[in-house]
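**Student:** The numbering of the sequence shown is numbering that gives the first Met the number 0, which starts it at 0 and goes up by one.
Don't be surprised by glycine CBs; every beta carbon is placed ideally from N, CA and C.
Here the structure is a predicted model, which is why all the values come from computation and not from measurement.
What follows is a structure written as structure tokens; I'll ask about it next.
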Amino acid sequence: MKKLSVLLIAFSACVAVNAQSVVSLNISGLPDGTEIEAVYACTHQSIEPAVAAAKVMNGQCVVTVPMDEPRYVGFKVKGYNGYVAQLMTTKGETPKVTATAEKNVTDKGTYYYGSGVKVVNSPLEAEYIRKIDAKRKYLDILYEAFHDGYTDTKSEGYAAAEKNFFTEVEKTYKAIAADNKDSWWGPFSMLALYSYFTEENTADWAQFSTEAQQSYYGQLLKKKISPEGLIGKDYPKFSFTDAKGKVNEAAKTVKGKKIFLVDFWASWCVPCRKEIPNLKSIYAANSKKGLEIISVSIDKSDAAWKKALEKENLPWPNGIDKSGVDDLYHVQAIPAIFIVDAVTGKVIGENLRGEELAAKIVDLLK
0 MKKLSVLLIA
10 FSACVAVNAQ
20 SVVSLNISGL
30 PDGTEIEAVY
40 ACTHQSIEPA
50 VAAAKVMNGQ
60 CVVTVPMDEP
70 RYVGFKVKGY
80 NGYVAQLMTT
90 KGETPKVTAT
100 AEKNVTDKGT
110 YYYGSGVKVV
120 NSPLEAEYIR
130 KIDAKRKYLD
140 ILYEAFHDGY
150 TDTKSEGYAA
160 AEKNFFTEVE
170 KTYKAIAADN
180 KDSWWGPFSM
190 LALYSYFTEE
200 NTADWAQFST
210 EAQQSYYGQL
220 LKKKISPEGL
230 IGKDYPKFSF
240 TDAKGKVNEA
250 AKTVKGKKIF
260 LVDFWASWCV
270 PCRKEIPNLK
280 SIYAANSKKG
290 LEIISVSIDK
300 SDAAWKKALE
310 KENLPWPNGI
320 DKSGVDDLYH
330 VQAIPAIFIV
340 DAVTGKVIGE
350 NLRGEELAAK
360 IVDLLK
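Right under this line is the structure:
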């Protein structure tokens, strides 16, 4: 019996060791001690939590990434946006990656990205390149070719060429998904290639096999195409960090109010900025009647957000999302505004803007 127990323990240890991909990174351009984090990428989640990490020494580090099935993994410098390397891998693989880390400082923040990235010893990465990446790079070549062919971007010829290009993009994307409809590669390809999803993608989802739909990437895609509505449910509790760095609880912020709005926006979002005058008008007319607004920015850069705050001069509580609050609310696009009954805590409205939103608030506060 004792021998059996020892064997079972040994077997469990082997399973645990094999449920991982051990990735060796050779990255130039980073000082010793730089921490590299591994995240599961291509999830369309605003916050991608680190699942593993290692520190660079002499340009090298080994990151042991836990997984029991294929995952697309991004490697980033801790505290910064961007990836210095990305690859598709799975348990039992030992990929070797070489890259040069490049630092890019913009008005939206500081990014690290990788140049000259090469991956060897990963059969799954090779399959990813063949199925998806090679076709995406071909589209990049077409894009550059059509742009180089026109100097006047306002001409009819340019407009026609641009339309033809994006028609080819859509055709290619759909073909990739259809060619891989019987495995997780199908839904993964859509997550990797599309920037956002709407109900119009329901037909794309329906073509996938049951196995593909029930896969990890299949379930992620389903939530993006058909997000669960929140009306009638308790509002997802959250905290937000204001411009002074203070963390505030939404529940305490709206205490004593009748209703409140949770407004997701960003400095770079033109429709969001255009909606602000309407929100100001609604707030001025109803704040003394029991209305509160909490605006939550999904900006990646604090500086860009604060600059927009200063320009817009919003009179209600504002914060920046540091913990994936937009994911809790299943936000697919911004602006996204949710109406909450502050007394019951139930969501009573969503996806309203302009005059429709103003009329709804007046009706609720009668």
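Assuming Val55 and Leu29 make a contact with CB atoms under 8 Å, what is their CB distance in whole Å?
**Tutor:** Confirmed, about 5 Å.
**Student:** If we count Cβ pairs, one from each stretch, closer than 8 Å, do we get three or more for the stretch 341-351 versus the stretch 272-284?
**Tutor:** The stretch 341-351 is not in contact with the stretch 272-284.
**Student:** Below 9 Å between beta carbons: does that hold for Asp340 and Phe263?
**Tutor:** No; because the gap between Cβ atoms is not below 9 Å, this pair is not in contact.
**Student:** Under 8 Å: do the stretch 289-301 and the stretch 197-215 share three or more Cβ pairs, one atom per stretch?
**Tutor:** No contact exists between the stretch 289-301 and the stretch 197-215.
**Student:** Would you mind stating whether Ser238 and Ala249 have Cβ atoms separated by less than 9 Å?
**Tutor:** Contact: yes.
**Student:** Bridge partners for Ile292 per DSSP, in chain order?
**Tutor:** Ile292 pairs with Leu260.
**Student:** Sort Lys365, Ala332, Leu364, Leu363 by Cα distance to Asn350 and report the nearest one.
**Tutor:** Nearest C-alpha to Asn350: Ala332.
**Student:** Span of the alpha helix (DSSP H) holding Lys90?
**Tutor:** No alpha helix (DSSP H) contains Lys90, which DSSP labels as neither H nor E.
**Student:** If you scan the stretch 190-221 from start to end, which runs of the alpha helix (DSSP H) of 4 or more residues do you find wholly inside it?
**Tutor:** Counting only runs of 4 or more, we get 201-205, 209-213.
**Student:** By DSSP, does Arg352 sit in helix, in strand, or in coil?
**Tutor:** Arg352 falls in the coil class under three-state DSSP.
**Student:** Which term fits Leu364, buried or exposed, when burial requires 16 or more other beta carbons within 10 angstroms of its beta carbon?
**Tutor:** Exposed, since its Cβ has fewer than 16 Cβ neighbours within 10 Å.
**Student:** Would Ala18 and Met66 be called neighbours here (beta carbons separated by less than 9 Å)?
**Tutor:** Cβ atoms of Ala18 and Met66: closer than 9 Å.
**Student:** May I ask you to report which of helix, strand or coil DSSP gives Val168?
**Tutor:** The answer is helix: DSSP assigns Val168 an H, G or I state.
**Student:** Contact check, Lys95 vs Asn120 under 8 Å by CB: the rounded distance?
**Tutor:** The Cβ separation is near 5 Å, so the contact holds.
**Student:** Anyone know if the C-beta pair for Val76 and Ile35 falls short of 9 Å?
**Tutor:** Yes, the pair counts as a contact, with Cβ atoms nearer than the cut-off.
**Student:** How would you write the range of the alpha helix (DSSP H) that Pro69 sits in, first residue to last?
**Tutor:** Element bounds for Pro69: n/a, residue is neither H nor E.
**Student:** Using DSSP with H/G/I as helix, E/B as strand and the rest coil, what is Leu3?
**Tutor:** For Leu3, the predicted model reports a pLDDT of 48, less than 50, meaning its position is unreliable; a value from the coordinates is still stated below. Three-state DSSP puts Leu3 in a helix.
**Student:** Between the stretch 298-310 and the stretch 97-110, do three or more beta carbon pairs fall short of 8 Å?
**Tutor:** In short, these stretches touch, since the Cβ pair count reaches three.
**Student:** Would you mind working out which of Asn317, Glu101, Leu192 sits nearest Lys136, comparing C-alpha positions?
**Tutor:** The shortest Cα separation from Lys136 among Asn317, Glu101, Leu192 belongs to Leu192.
**Student:** According to DSSP, Asp233 sits in a beta bridge with which residue or residues?
**Tutor:** Paired residues: Lys345.
**Student:** State yes or no: is the C-beta of Glu368 within less than 9 Å of the C-beta of Gly73?
**Tutor:** Look at the range of the chain in this structure, 0 to 365, and you will see that residue 368 is not part of it.
**Student:** From the DSSP output, in three-state form, read off Ser45 for me.
**Tutor:** Correct three-state label for Ser45: coil.
**Student:** Given this structure, state the Cα-to-Cα distance separating Glu155 from His146, to the nearest angstrom.
**Tutor:** Answer to the nearest angstrom: the Cα atoms are 14 Å apart.
**Student:** Is the stretch 212-223 close to the stretch 232-247, with three or more CB pairs under 8 Å?
**Tutor:** These segments do not touch.
**Student:** Among Lys223, Leu308, Pro69, Val104, which one has its Cα closest to the Cα of Asp326?
**Tutor:** Selected option, being the one with the closest Cα: Lys223.
**Student:** Taking buried to mean at least 16 other C-beta atoms within 10 Å of its own C-beta, is Thr197 buried or exposed?
**Tutor:** Under this definition Thr197 is an exposed residue.
**Student:** Quick one: measure Cβ to Cβ for Leu219 and Thr42, integer angstroms, because I've assumed they're closer than 8 Å.
**Tutor:** Between Thr42 and Leu219 the Cβ distance is about 6 Å, and since that is below 8 Å, they are a contact.
**Student:** Between Val22, Lys134, Ala144, which lies nearest to Glu92 when the distance is taken from Cα to Cα?
**Tutor:** The candidate whose alpha carbon is nearest that of Glu92 is Val22.
**Student:** CB Lys236 to CB Asp203, shorter than 9 Å?
**Tutor:** Contact flag unset, no.
**Student:** Quick check on Pro69: buried or exposed, where buried means 16 or more other Cβ atoms within 10 Å of its Cβ?
**Tutor:** The residue is buried, with at least 16 neighbouring Cβ atoms inside 10 Å.
**Student:** In whole angstroms, give me the CA-to-CA distance for Ala53 and Glu199.
**Tutor:** Approximately 41 Å, taken between the alpha carbons.
**Student:** So, with DSSP's three-state summary, where would you put Thr33?
**Tutor:** Residue state, collapsed to three classes: coil.
**Student:** Excluding the 5 residues flanking Asp233 on each side, which residues of the same chain have their C-beta closer than 7 Å to its C-beta?
**Tutor:** Taken in chain order, the residues that qualify are Gly344, Lys345.
**Student:** According to DSSP, is Asn80 part of a helix, a strand, or is it coil?
**Tutor:** DSSP places Asn80 in strand when its eight states are reduced to three.
**Student:** Would DSSP call Leu123 helix, strand or coil?
**Tutor:** Leu123: helix per DSSP, three-state reduction.
**Student:** Since I believe Ala98 is in contact with Val116 (beta carbons under 8 Å), could you give me their beta-carbon distance rounded to a whole number of angstroms?
**Tutor:** Rounded, the Cβ-Cβ distance is 4 Å, consistent with contact.
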